Amino acid sequence: MANKKLLIVSAVFPPVTSSGIHRIIRISRYLNEMGVDISVLTVDETTLPKSYKYDHELLAKVPDSVNIYRVPALQLFKKMLALKNRSKPSPPSQTNGSSTATANSGGNRTKEKSTLQKLKDTLTYNMHTPDNYAMWIYPAIKAGEKIIRENGIQNVFSSSPPGTSHVVCSHLKNRTGVNWIADFRDPWAQKRWFNPEMTPFKRRKIVEFEKRTVSQADTLIMNTPELLADFRKHYGAKIDQKSLAITNGFDPADFEGLAAKNGRSDKQIVICHTGTFYRERSPMSFLAGLRDAIRSGNVPRDRFKVKLIGGLGEFAAEVERFLQENDLQNSVEVIAPIPHRACLQEIMYADVMLIVQPVTPVQIPAKIFEYIATQKPILAVSAAGATADIVLDNKLGWWAQFDRNEEIADKLTEIHRFFESNEAKSWSIDEQVLTRFNGKVLVEQLYDYLVS
């Protein structure tokens, strides 16, 4: 990397937040400290839907010397909807004599609107290919080419998800000949679950985009060795010479000034999970294991306090019903999403960290590295694979199969006994493990690879 200028193309960047945002922040921050001139091309967040999550505190982690280019996404669908709404005739005025008929027809319209809304959502989802940031692709290509040529940039870095970032860099590679580093934080075309509304066309396009990325990128980075092996299985040994695995990590600076819990719990063990539950990532098996551990008589009902921070998503009603039916309302606390630093403070006060990672054997949730930084034991409820391996190989805590309630109950019983024993007072994470997953050390690996 003789030319120490790097353009990071990431559709997600502060203040927008997502599970992978901290990896991108670390790379931009620490490479900048190592003398790399960093520019970031991202979406102008004012053109994103209001439903997106924001954490403005994250902006403070990005050095002022990093040049951030915020490019608006196309507003095609919003403009089409506005035009459609303007073309609608005004509703007729109502009289008292027609109030009953209006109410009845209104009820039918509400039902019809619900069906139409579902259809509209499905169509919109599939028109946004490869993902919800698709309307940013062409503005980003135009802006990216200009940034590269005006600043003499010879290296670009894209990170997914979302895969839109790779699509943009594919075009920038073709147009400018830049050296392209493609970073995969999760599987893309080979991931274990897809939205059931995805059409075969969109599925084929995602496969095509991934193949193009693997073929065109000069360097491929995967965030677990298992993910790298999975790509090798699909694309062959030809990718070996340009591929490496660099795991996620934690940023020690994030924990500066946070108060730690004073000692271990004598009466109540606080188990903490951060992040949203969705699709196959359900809390129900863990909660069933908690219920069974209490029912067995091995664990007192008030022994555990479970904090689920970040929302329950589609499982909210199911969880509420389950807690009521099993008298667990006092054992489980659901906390809405909070800023990142406040979330870190919560886990510093916890006794045990909870990971739920079903179905996906090649992935490790980014939150586990922040859990490691707290030096608290971890309970992983997951499929066999990368998440289970990192917990067991590094002696970080306990692992149970995500779909086996009895295993989860047994591990909770072990945790109860662990905190009753003297072992809990002397438990710690090996210093070599803390160094291995230090985010700055991991970015140094990336820097060394780039300049070699």
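Each residue of the sequence shown is one higher than the one before, counting from 78 in my numbering.
We treat Cβ as the ideally placed atom computed from N, Cα and C, and that holds for glycine.
This one's a predicted model, so the numbers in the text were calculated from it and none came from an experiment.
Item to check | Pair within 8 Å by beta-carbon distance, K85 and F234 | outcome: Strictly speaking, residue 85 in this sequence is Ile, with Lys absent from that position. Yes; because the gap between Cβ atoms is below 8 Å, this pair is in contact.
Item to check | Paired residues, beta bridge with V518 - DSSP | outcome: Beta-bridge pairing by DSSP links V518 to no other residue.
Next on the checklist: So, under 8 Å CB-CB, V347 and L385 are touching, yes? Tell me the CB distance rounded to an integer number of Å.
Outcome noted: Not really, about 12 Å apart at Cβ, beyond 8 Å.
Next on the checklist: Give me the residue from A419, T94, D404, S116 with the minimum Cα distance to E122.
Outcome noted: Closest by alpha carbon: T94.
Next on the checklist: So, does the segment 104-116 touch the segment 245-258, judging by three or more C-beta pairs under 8 Å?
Outcome noted: Per the Cβ contact rule, the segment 104-116 is not in contact with the segment 245-258 (fewer than 3 Cβ pairs under 8 Å).
Item to check | One or two residues paired with T119 in a DSSP bridge | outcome: Looking at the DSSP output, T119 bridges to R147.
Checklist entry - Could you give the residue range of the beta strand (DSSP E) that holds A463? => result Careful: A463 lies outside any beta strand (DSSP E), inside the alpha helix (DSSP H) at 463-470.
Checklist entry - alpha helix (DSSP H) containing M425: first to last residue? => result Looking at the DSSP string, the run of the alpha helix (DSSP H) that includes M425 is 417-426.
Next on the checklist: Quick test of your reading: S247 and R280, contact by CB under 8 Å. State the CB separation rounded to the nearest angstrom.
Outcome noted: The C-beta distance from S247 to R280 rounds to 19 Å, too long to meet the 8 Å contact threshold.
Item to check | Beta carbon of V468 nearer than 8 Å to that of G474 | outcome: Taking 8 Å as the Cβ cut-off, V468 and G474 qualify as a contacting pair.
Item to check | Own chain partners of P416 with C-beta closer than 8 Å, once the 5 adjacent residues on each side are dropped | outcome: Cβ within range, chain order: D132, E134.
Item to check | Beta-bridge partners of F327, as assigned by DSSP | outcome: Per DSSP, N515.
Checklist entry - From which residue to which residue does the beta strand (DSSP E) around K223 run? => result Here K223 belongs to no beta strand (DSSP E); instead the alpha helix (DSSP H) covers 214-228.
Checklist entry - Thinking just about the alpha-carbon of each residue, which of S96, A211, N272 is nearest to the one in V120? => result Answer by Cα proximity: A211.
Checklist entry - For T192, does the count of other Cβ atoms within 10 angstroms reach 16, so buried, or fall short, so exposed? => result With fewer than 16 other Cβ atoms within 10 Å, it is exposed.
Checklist entry - Around the Cβ of R358, are there at least 16 other Cβ atoms within 10 angstroms (buried) or fewer (exposed)? => result By the 10 Å Cβ count, R358 comes out buried.
Next on the checklist: What would DSSP say about M275, mapped onto helix, strand or coil?
Outcome noted: Coil, per DSSP.
Checklist entry - With DSSP run on the structure shown, which of helix, strand or coil describes M111? => result In the structure shown, M111 falls within a coil segment according to DSSP collapsed to helix, strand and coil.
Next on the checklist: At the level of alpha carbons, what is the spacing between K338 and E491?
Outcome noted: One C-alpha to the other measures close to 22 Å.
Checklist entry - If you check the beta carbons only, do G97 and P238 fall under 8 Å apart? => result Yes; because the gap between Cβ atoms is below 8 Å, this pair is in contact.
Checklist entry - How is the alpha helix (DSSP H) around Q363 delimited, first residue to last? => result The residue asked about is misnamed: residue 363 is Phe in this sequence, not Gln. Unbroken alpha helix (DSSP H) run through F363: 361-372.
Checklist entry - Does the beta carbon of V120 come closer than 8 Å to any beta carbon on chain D? => result Checking the listed chains, one finds no chain D in this structure; it contains a single protein chain.
Checklist entry - How would you write the range of the beta strand (DSSP E) that E410 sits in, first residue to last? => result Counting along the chain, the beta strand (DSSP E) containing E410 begins and ends at 409-412.
Item to check | For F392, the nearest candidate out of K127, I371, N407, V411 (CA to CA) | outcome: Closest option to F392, Cα to Cα, is V411.
Item to check | Exposure label - D524; buried when at least 16 CB within 10 Å | outcome: In the sequence on display, residue 524 carries Tyr and not Asp. Classified as buried, Y524 has 16 or more neighbouring CB atoms from the shown chains inside 10 Å of its CB.
Next on the checklist: Using a 10 Å radius around the Cβ and a threshold of 16 neighbouring Cβ atoms, would you call D317 buried or exposed?
Outcome noted: Classification of D317: exposed, given that the 10 Å Cβ count is below 16.
Checklist entry - Thinking just about the alpha-carbon of each residue, which of C349, Q267, I455, S242 is nearest to the one in D470? => result Cα-wise, what sits closest to D470 is I455.
Item to check | Burial state of A394 (16 or more Cβ within 10 Å) | outcome: Exposed.
Checklist entry - For S459, which option in A450, P442, T124 has the closest C-alpha, if you only look at C-alpha atoms? => result For S459, the nearest C-alpha among the options comes from P442.
Item to check | Segment limits, alpha helix (DSSP H) that includes V245 | outcome: Start and end: 241-253.
Item to check | DSSP three-state assignment for D317, whether helix, strand or coil | outcome: Three-state result, D317: helix.
Checklist entry - Near K517, which residues of its chain fall below 6 Å by C-beta distance, leaving aside the five closest residues on each side in sequence? => result Non-local C-beta neighbours of K517 in its own chain, meaning closer than 6 Å and more than five positions away in sequence, comprise Y107, ordered along the chain.
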